[in-house]
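Heads up: the structure comes next, in C-alpha cells.
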Amino acid sequence: MLERPILRGEVNFPLCLAPMVGLTHVGFRLLLKSYMPPGARTIWPTEMLNSRRLPHEVFARVPECSRHPSETDLVPQILGNDESEIARSVKRLDEEWGASGIDINMGCPVRKALSHNYGVALMGDAQYARDVVAMTVRHTRLPVSVKLRAADAGTDVLFRFAEGLVEAGAEWLTLHPRRAEQKRRGSADWSMIHDLRHVVPVAVIGNGDIQQADDVFRMLDETGCDAVMAGRALTARPWLLWQVGERLGWPAPIGREGERAPETREEEGQEFGRAVLKLIAILAELPWGEDLLIRKLRFFLKNACPWLEFGHALEAKMSVVKSLAEAQQVIALFFSQTQSMSPRTDLRY
Ligand SMILES: Cc1cc2nc3c(=O)[nH]c(=O)nc-3n(C[C@H](O)[C@H](O)[C@H](O)COP(=O)(O)O)c2cc1C
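For the sequence shown, the positions run 0 to 348 when numbering that gives the first Met the number 0 is used.
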C-alpha cells in the first residue's frame, strides 16, 4: 500500500502511465497491462478529453474514449473550465463509461488551451483553478485529481496554487516540473516534486524524464513522491512495469511466469519486437479503420524508436506500410535480427 492514498487506497503499485494525446489509447493501455504483475493496481489515464465535446460524444465511436470491458481503475483526464460542461462530462464518464476517478488537466501548454483558458492557463488564475476543482468535485462522487506543471511565477506560487486545489477537494496531484514555456524541452526539476510532497497533505505523483527502472526508484527516493508517472519511456519500454514489479517482489506477468524481466540491451531489443507485434494484434481488433490504426502505430513508434539502436531505419520502413498485416511482416522481419535498446536517450523531442 502507498503511504498516502491514490484512488481512495485502491492503488498499490508505484508506477503509472501518463496521459498523452495520440498515444494513451485503449490499445496501448492493454499492451501495458500485459506487463503488469498480477494483483498490482495503478491508475490508467486517457489522453486529455475536452469537456466541451464529452457531453455529446458517442463514446463507442471516438477512439480516444474507447475502453475495453476488462479495464478497471480508469481515470480519464478532462480539459475544461465551464461548470455545466464539466458536470455533464463527469456524469457521463462515471455512469456510462465506468471511470474510477477524474483527472483535471492544468498542464496543457498548447495555444488552443491558452485561448480557451483551460489547461495550463488555469495556473495563471489560482482562484479560478480552485473553482474548477470545486465544481468538478461537486458534480461527482468519484475522486478528483489534478495534473499540473511548474509555475512560471516560481515555486512559492506553485505551492500556494496546489494548496488551493487540495482545499477545493483534489485527492492527489501529479506534477510535471517543467514550466509551460519549456513544453517538453530542458529537464524536469525533480526537487519541485520533493518540495510539493512536503507542502500538501495528499499523495503526489512525480512525472518527467523517467527512462528506466533505476529512474523510477531514484525519483521515489529523491522526492518522496507516492508514485511515479512515465510517458514516453513506456512506449519504448512497456515492460518497465514488469522490471519495477520484479524489484519490488511482485510476481512476473501472466504468461511470463518463471521468466525474469528483460534487462540487457539485446533482451530489451528482442522484447520490443514482441511488444510491437502484440500491439498490432491488439489494434487489429479495434474498429477504427486501417488508416487511423496505422497512424496510431506510427506515432507509437516515433516516440519509442529513439531508444532503439536502428530505430530510424524501422521508422523509415514503417512510413510506407499500408496495412496492419504489412506492418506485422515488417516488424517480424526487422526483429528476426538481434536488435539493441539503449538504457537512455536524448529526450529533447
Ligand atoms: C505526445 C504527447 C502528448 C501529451 N499529451 C498530454 C495530455 O493529453 N495531457 C497531459 O496532461 N499531458 C500530456 N503530455 C505530457 C505527459 O503526460 C508528460 O507530462 C510528459 O511527457 C513528461 O513525462 P515523460 O518525460 O515521462 O514523457 C503529453 C506528452 C506527449 C509526449
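Cβ coordinates follow ideal geometry from the N, Cα and C atoms, glycine included.
key: DSSP-derived helix/strand/coil call for Met19   = coil
request  = Would you please state the rounded distance, in angstroms, between the beta carbons of Ser69 and His24? I believe it to be under 8 Å.
outcome  = So it is not a contact: roughly 15 Å between Cβ atoms.
inquiry  = Runs of 3 residues minimum, wholly inside the stretch 192-219: which ones carry the beta strand (DSSP E) assignment?
reply    = Within the stretch 192-219, the beta strand (DSSP E) runs of at least 3 residues that lie entirely inside it are, in chain order, 202-206.
inquiry  = Below 6 Å, is the gap between the Cβ of Gly230 and the nearest heavy atom of ligand 1?
reply    = yes
request  = Measure the alpha-carbon distance for Val243 versus Val215 and round it to whole angstroms.
outcome  = Roughly 8 Å between the two C-alpha positions.
request  = Would you check whether ligand 1 has a heavy atom nearer than 6 Å to the C-beta of Pro18?
outcome  = Flag set: Cβ of Pro18 near ligand 1.
task = Look up Trp171 in the DSSP assignment and give the residues it is bridged to.
result = BP columns for Trp171 point to Ser144, Ala202.
message = Taking 6 Å as the cut-off, is the beta-carbon of Ile209 closer than that to any non-hydrogen atom of ligand 2?
response = Here the bound small molecules are ligand 1; ligand 2 is not part of this structure.
ask   = Just how far apart, CA to CA, sit Lys32 and Ala98?
value = Taking the straight line from one Cα to the other gives about 17 Å.
CB-CB length for Met122 against Gln76, believed under 8 Å = Actually they do not touch by this definition, with Cβ atoms about 16 Å apart.
query = With 16 as the cutoff for other CB atoms within 10 Å, does His175 come out buried or exposed?
reply = buried
ask   = For Gly100, is the beta carbon positioned less than 6 Å from some heavy atom of ligand 1?
value = no
message = Pull the bridge partners of Met340 from the DSSP assignment, please.
response = Leu307
Cutoff 7 Å; reference Ser339; Cβ partners in own chain excluding five residues on either side = Arg264, Glu265, Gly268, Glu308
inquiry  = In the DSSP output, what is Asp188 paired with across the bridge?
reply    = BP columns for Asp188 are empty, so no partner.
ask   = With respect to 6 Å, is the separation between the Cβ of His197 and the closest non-hydrogen atom of ligand 1 below this value?
value = Remark: the C-beta of His197 is outside contact range of ligand 1, defined as less than 6 Å to any heavy atom.
query = Is DSSP giving Thr45 helix, strand or coil here?
reply = strand
Any non-hydrogen atom of ligand 1 closer than 6 Å to His175 Cβ = His175: yes, Cβ under 6 Å from ligand 1.
message = Tell me which residues share the same chain as Leu240 and place their Cβ nearer than 7 Å to its Cβ, disregarding the 5 neighbours each side in the sequence.
response = Answer for Leu240: Leu14, Leu31, Tyr34, Met35, listed in chain order.
query = Opposite Asp81 in the DSSP bridges: which residues?
reply = Asp81 is not bridged to any residue.
key: Alpha carbon of Glu56 to alpha carbon of Glu262, nearest angstrom   = 43 Å
task = Could you tell me how far apart the beta carbons of Arg177 and Ala187 are, in whole angstroms, since I believe they sit closer than 8 Å?
result = 5 Å
inquiry  = Any heavy atom of ligand 1 inside 6 Å of the beta-carbon of Lys295?
reply    = no
task = Count the other CB atoms, across all protein chains shown, that sit within 10 Å of the CB of Met134; report buried if there are 16 or more and exposed otherwise.
result = buried
key: Top-ranked residue by Cα proximity to Ala169, from Phe333, Thr154, Leu147   = Leu147
message = ligand 1 and Gly106: does the residue's C-beta get closer than 6 Å to at least one heavy atom of that ligand?
response = yes
ask   = When DSSP labels each residue in this structure, what does Asn302 get in the three-state scheme?
value = helix
request  = Output the distance between the C-alpha atoms of Asp93 and Leu29, rounded to the nearest integer angstrom.
outcome  = 21 Å
message = Is any non-hydrogen atom of ligand 1 found closer than 6 Å to the C-beta of Lys146, if you look at the structure I gave you?
response = yes
ask   = The alpha helix (DSSP H) spanning Ala128 covers which residue range?
value = 125-137
ask   = By DSSP, does Arg177 sit in helix, in strand, or in coil?
value = strand
key: Pick from Glu82, Thr234, Asp345, Gly257 that is closest to Thr139, judged by C-alpha positions   = Looking only at Glu82, Thr234, Asp345, Gly257, the smallest Cα-Cα distance to Thr139 is reached by Glu82.
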